[in-house]
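Undergrad: So the sequences go chain by chain: A and B.
Position 108 of the first sequence, counted from 1, bears residue number 97 in the numbering used here, the numbering being contiguous throughout.
Position 139 of the second sequence, counted from 1, bears residue number 291 in the numbering used here, the numbering being contiguous throughout.
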Amino acid sequence: MVVLPGNANRGHVRHDAGRLELQGVTKRYPGSDRPAVDDLSLIVEAGQVCVLVGPSGCGKTTALRMINRLIEPSAGDILLDGESTRNRNAASLRREIGYVIQQVGLLPHQTIAKNVATVPRLVGWRRGETKARVAEMLELVGLDPAEYANRYPAQLSGGQQQRVGLARALASDPPLMLMDEPFSAVDPITRERLQNDFLRLHRTVPKTVVFVSHDIDEAVKMADRIAVMRDGRLVQYARPAELLASPADDFVADFVGADRALKGLSLTRIEEIELDDAPLVEAGAPSSDVLDRIASGLLVPVDGDLLVTVEGRPRAWMSVERVTDGDEVPRGPVGSPGPIVDRLATLRDALSALLDANARTGAVVDAEGRCVGLVSVDHIQGSWNAQSESAMAPHG
Amino acid sequence: MAEPIDWDWIDRNLDEIGALTQQHAEIVGISIAIAVGIAIPIGILVRRGGLPYVLASQTGTILYTIPSLAMFAILVPIVGIGRTPAVIGLVAYAMLILIENTVVGLQSVPRSVKDAARGMGMTSWQILYRVELPMALPSIITGIRLATVSTVGIATIAVLIGAGGLGVLIFNDGIQRGLFLTPIVVGAVIATAMALVLDGMLALTERGLSRWKRAGA
Ligand SMILES: Nc1ncnc2c1ncn2[C@@H]1O[C@H](COP(=O)(O)OP(=O)(O)O)[C@@H](O)[C@H]1O
Ligand SMILES: [Mg+2]
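#1: I'd like to confirm something about ASP169 of chain A: is its beta-carbon nearer than 7 angstroms to some heavy atom of ligand 4, or not?
#2: Checking the sheet assignment: what are the DSSP bridge partners for GLU317 of chain A?
#3: Cβ of CYS47 of chain A within 7 angstroms of any heavy atom in ligand 1?
#4: One question on the structure: do ILE169 of chain B and THR334 of chain B come within less than 8 angstroms of each other, judged by their Cβ atoms?
#5: Could you run through the segment 172 to 204 of chain B and flag, in chain order, every residue whose CB is less than 7 angstroms away from some CB of chain A?
#6: Give me the subset of the segment 119 to 147 of chain A whose CB atoms are less than 9 angstroms from a CB atom of chain B, sorted by chain position.
#7: Using CA coordinates, which residue listed in A:GLU61, A:MET126, A:GLY154, A:PRO134 is at the minimum distance from PRO97 of chain A?
#8: Just confirm the distance between the C-beta atoms of SER372 of chain A and THR257 of chain A, as a whole number of angstroms; I'd bet it's less than 8 angstroms.
#9: Within 10 angstroms of the Cβ of LEU203 of chain B, are there 16 or more other Cβ atoms? Answer buried if so, exposed if not.
#10: Return the chain-ordered list of same chain residues with a C-beta closer than 7 angstroms to the C-beta of GLU358 of chain B, the five sequence neighbours on each side being excluded.
#11: Can you give, in chain order, each stretch of the alpha helix (DSSP H) that sits fully within the segment 144 to 221 of chain A and has at least 4 residues?
#12: State yes or no: is the beta carbon of ARG402 of chain B nearer than 8 angstroms to at least one beta carbon in chain A?
#13: Check whether the Cβ atoms of ALA307 of chain B and VAL188 of chain B lie closer than 8 angstroms to each other.
#14: Going by the C-beta, is VAL201 of chain A closer than 7 angstroms to any heavy atom of ligand 2?
#15: Could you tell me if the beta carbon of SER264 of chain B falls within a distance shorter than 7 angstroms of some heavy atom in ligand 1?
#16: So GLY43 of chain A and ASP28 of chain A are supposed to be a Cβ contact under 8 angstroms. How far apart are they, rounded?
#17: Looking at chain B, is there any beta carbon in it that lies within less than 8 angstroms of the beta carbon of ILE90 of chain A?
#18: I'd like to confirm the pairing. Which residues does DSSP put opposite LEU29 of chain A in its beta bridges?
#19: Could you name the residues of the segment 106 to 120 of chain A whose beta carbon sits closer than 7 angstroms to any beta carbon of chain B, in the order they occur along the chain?
#20: Does LEU(-7) of chain A have its Cβ less than 8 angstroms from a Cβ in chain B?
#21: Which of the three DSSP states is assigned to TRP306 of chain A in this structure?
#22: Measuring alpha carbon to alpha carbon, tell me which of A:ARG219, A:GLY321, A:GLY46, A:PHE187 ends up nearest GLU300 of chain A.
#23: Rounded to the nearest angstrom, what separates ALA342 of chain A and PRO177 of chain A at their Cα positions?
#24: Report yes or no: do three or more beta-carbon pairs, one from the segment 266 to 280 of chain B and one from the segment 205 to 220 of chain B, lie closer than 8 angstroms?
#25: Counting along the chain, where does the beta strand (DSSP E) carrying TYR137 of chain A start and finish?
#26: Near SER255 of chain A, which residues of its chain fall below 6 angstroms by C-beta distance, leaving aside the five closest residues on each side in sequence?
#27: Classify ARG(-1) of chain A as helix, strand or coil using the three-state DSSP reduction.
#28: Using a C-beta to C-beta distance shorter than 8 angstroms, which residues of chain A count as neighbours of THR294 of chain B?
#29: Assign GLN175 of chain B to one of three DSSP states: helix, strand, or coil.
#30: For a cutoff of 8 angstroms on Cβ pairs, would you count THR254 of chain B as touching chain A?
#31: Taking a cut of 9 angstroms between CB atoms, which residues from the segment 44 to 72 of chain A lie near chain B?
#32: Does the beta carbon of PRO286 of chain B come closer than 8 angstroms to any beta carbon on chain A?
#33: Between the segment 81 to 96 of chain A and the segment 54 to 65 of chain A, do at least 3 Cβ pairs fall closer than 8 angstroms?
#34: DSSP three-state label for LEU95 of chain A, please.
#35: Take ILE162 of chain B and list the residues in its own chain whose beta-carbon comes closer than 8 angstroms to its own, dropping the five residues that flank it on each side.
In structure tokens:
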């Protein structure tokens, strides 16, 4: 048993993530000649992220909604931890399965805190317990409870609303999460941030997740296993790397796209490659120290520049001369910190951030935004080459 | 007649004016309470549209278009004179506005909100009273405001079937005494003031209940 952080003193024990099994699940909508989902069988192991991808109308949403019985299957069975969901009361089953949709669907007449408390209230948690849980969930998704708890959904941006949607789905600690294109309604930058934060969150709270996407890049980035669907049928169920390396048929190859090698950049996260040391100097540090460290080789400027940080967070690239102009490193550094890349970003995300900024290097930051190193285009190319070679090699 | 308004008359009849005002307010209050009690459940039942909604809406429209004198005249042989036929008639007039506003309010709840609510494990009843009704409330109260204001006016006619109220001042004391202006003006002013006060109170309630709508705007 694992105890959620912050929960220890209340003895609130986390559900183990559930194992999900679909057995020959079929859905025929009345008045339709071909099934929307046709004999779908797949297993999602506890704690894994399974991404359902495929073109619009291939049955992803239908498949997902049969898992929490928002849609009743016409045939087949769905097992959660070995137990058929058919015999359960549908409403009480849904309270044990987190549900996140593209349109978020927050209750507009209730505050953020009340929204997050929805399922705990439905299942009768005590008030104090619920309140503590709401604060904990908001923090988990990166929203300060003091600032956001009493706001209404309309007072939040789209990205923040989806964070609340996530917090709400996680609040009662469900063993399984269903997410239907949760990040497709926000702008690309917000989407990438939400993806990274979701991956980070999934490490803290490793739920079993079924995630619907129409975007193969997102699937490759998020998934432990990708299920490619076509016309209601499962055409390939594989790890992302496998899918890119050996698509089962022309349809999958087509869907994955001709730029499979480039897509392979989504398989690797920045944290997995070796980074360069960043020439970090903290605002307010004595200039003499900076010069000493340069002299002793501990600090190696990049093209004559140092990266000034405030509390470890990148603020501005400045020349050594300007940094050491006064007695201390400027407390109000001026200039740009250049592209900032999350440790959980994929190589592909990082490459496009660097190209967008027309920069050769970018600062890599952790969850708190503190710089942990530098990534460069050369790095990315190096690991791309290594990877393409291994992808060419036969499977063993 | 030197002055158009006979202040002495008002002074002499203050008690009666007070009693009639109270009577009027009671007729309006009872009618609106009953109308709300009938119209909201109907609105809930027909909220998904289709034939049930068309039937409810058409019935409301037919009731609404019956001339008020005819409506009260038809009711007297059935239920006698007094407050009862007045309340029945006023309830009938309020139906259309209240049903329509309830349905509009309930239908304004986005599909995605209901879907998320169901997906979280709310039952149909829980979705109704925790999501749909609270979100429809501002629209329902707008309906109650409109119905209340018009009921205050129409209720003055109920004097003709012996229901009392401010109509007594206008008809019995005013029109029937050779258009004696003072009670007519007094009755009209009080009715208007009553409508404005009730409307204002309901408007404030509506504001209080729809803060979430204005948030972020
Ligand atoms: N409620 C419904 N009634 C009838 N047909 C539906 C319904 N929902 C979806 N479909 C059909 O089922 C197929 C799969 O839809 P859906 O599961 O929404 O696909 P996806 O999420 O992959 O875009 C589509 O052809 C769609 O038109
Ligand atoms: Mg869909």
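Don't be surprised by glycine CBs; every beta carbon is placed ideally from N, CA and C.
Everything numeric in this text was worked out from a predicted model, so none of it was measured.
TA: Per the coordinate set shown:
#1: Ligand 4 is not part of this structure, which contains only ligand 1 and ligand 2.
#2: A:PRO275
#3: yes
#4: no
#5: none
#6: ARG140, TYR141, PRO142, ALA143, GLN144, LEU145
#7: A:GLY154
#8: 6 angstroms
#9: exposed
#10: PRO290, ILE293, THR294
#11: 147 to 159, 177 to 193, 205 to 211
#12: As shown, chain B starts at 153 and ends at 369. That puts residue 402 of chain B outside it, with no answer to give.
#13: no
#14: yes
#15: no
#16: 15 angstroms between Cβ atoms; not a contact.
#17: yes
#18: A:VAL14
#19: THR107, VAL108, LEU111
#20: Summary for LEU(-7) of chain A: the model assigns pLDDT 45, below 50, so the residue's position carries little reliability; its value from the coordinates is reported in the next sentence. Judged by the 8 angstroms Cβ criterion, LEU(-7) of chain A is not in contact with chain B.
#21: strand
#22: A:GLY321
#23: 11 angstroms
#24: no
#25: Here TYR137 of chain A belongs to no beta strand (DSSP E); instead the alpha helix (DSSP H) covers 134 to 137.
#26: ASP206, VAL209, LYS210, THR335, ARG337
#27: For ARG(-1) of chain A, the predicted model reports a pLDDT of 41, less than 50, meaning its position is unreliable; a value from the coordinates is still stated below. Of the three classes helix, strand and coil, the one that applies to ARG(-1) of chain A here is helix, per DSSP.
#28: Within 8 angstroms Cβ-Cβ: nothing; THR294 of chain B doesn't reach chain A, min ~16 angstroms.
#29: helix
#30: no
#31: ARG54, ASN57, LEU59
#32: yes
#33: yes
#34: coil
#35: ILE169, THR334, VAL338
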